[in-house]
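Chemist: Would you mind keeping the following structure in view while I ask a few things?
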Amino acid sequence: MRKILPGSLILSALLSVGLSTPNALEAQQPQPATTVSAAELTSYAKAFVEIGRLRDDLQVQLTQPVNKTPDAQAEIREQMRERRLQIIQSHNLTEEAYTRITFVVSTDDAQREAFREAVEQVSER
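Here is the structure:
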């Protein structure tokens, strides 16, 4: 039999009361922080596409038998993190800006459509 701690009961009760009202649910829904300029969106799209290619390449490396050891896998993942940061910076973005733009294009329909168009243009080149 599982023991339930009194503190967790109180927390559960507070959360369920707070979440039961429609206004509480609306208040918890994140809103896009800002819009993204066309130049930022183009830089983001270029970085996004390049990071996708990098991820694909490293996924292939991860599946190779020679790379099945935990050390090899960790090294490949570290290479991914380092190279991803280099890609972001090479497109005049910071990690924070990249994360912010990711949030904006995932929560704002108009920005998502503009991003999709930017990716199409970048991919055609």
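The opening position of the sequence shown corresponds to residue 5 in my numbering, with each subsequent residue numbered one higher.
Backbone N, C-alpha and C fix where the C-beta goes; we use that ideal spot for every residue, glycine too.
1) Alpha carbons only, please: which of E86, R81 and F119 is nearest the one belonging to F52?
2) Go to R57, then tell me how far its alpha helix (DSSP H) extends in each direction, as first and last residue.
3) At what residue ranges does the segment 90-117 contain a whole run of the alpha helix (DSSP H), taking only runs of 4 or more?
4) Please tell me whether Q77 and L66 are closer than 9 Å, where the distance is taken between their beta carbons.
5) Rounding to the nearest angstrom, what Cα-Cα distance links P69 and L62 in this structure?
6) Whole angstroms is fine: what's the gap from P55's alpha carbon to T46's?
7) My guess is that Q115 and V123 are in contact by the Cβ rule of under 8 Å, so how many angstroms apart are they, rounded?
8) Identify whether R129 lies in helix, strand or coil by the three-state DSSP scheme.
Modeler: This is what the structure holds:
1) When only C-alpha atoms are compared, the closest one is F119.
2) A42 to T67
3) 99-111
4) yes
5) 13 Å
6) A small fix is needed here, since residue 55 is Ile in this sequence, not Pro. In a straight line, the C-alpha of I55 is about 14 Å away from that of T46.
7) Not really, about 12 Å apart at Cβ, beyond 8 Å.
8) DSSP, reduced to helix, strand and coil, places R129 outside both helices and strands of the structure shown, so it counts as coil.
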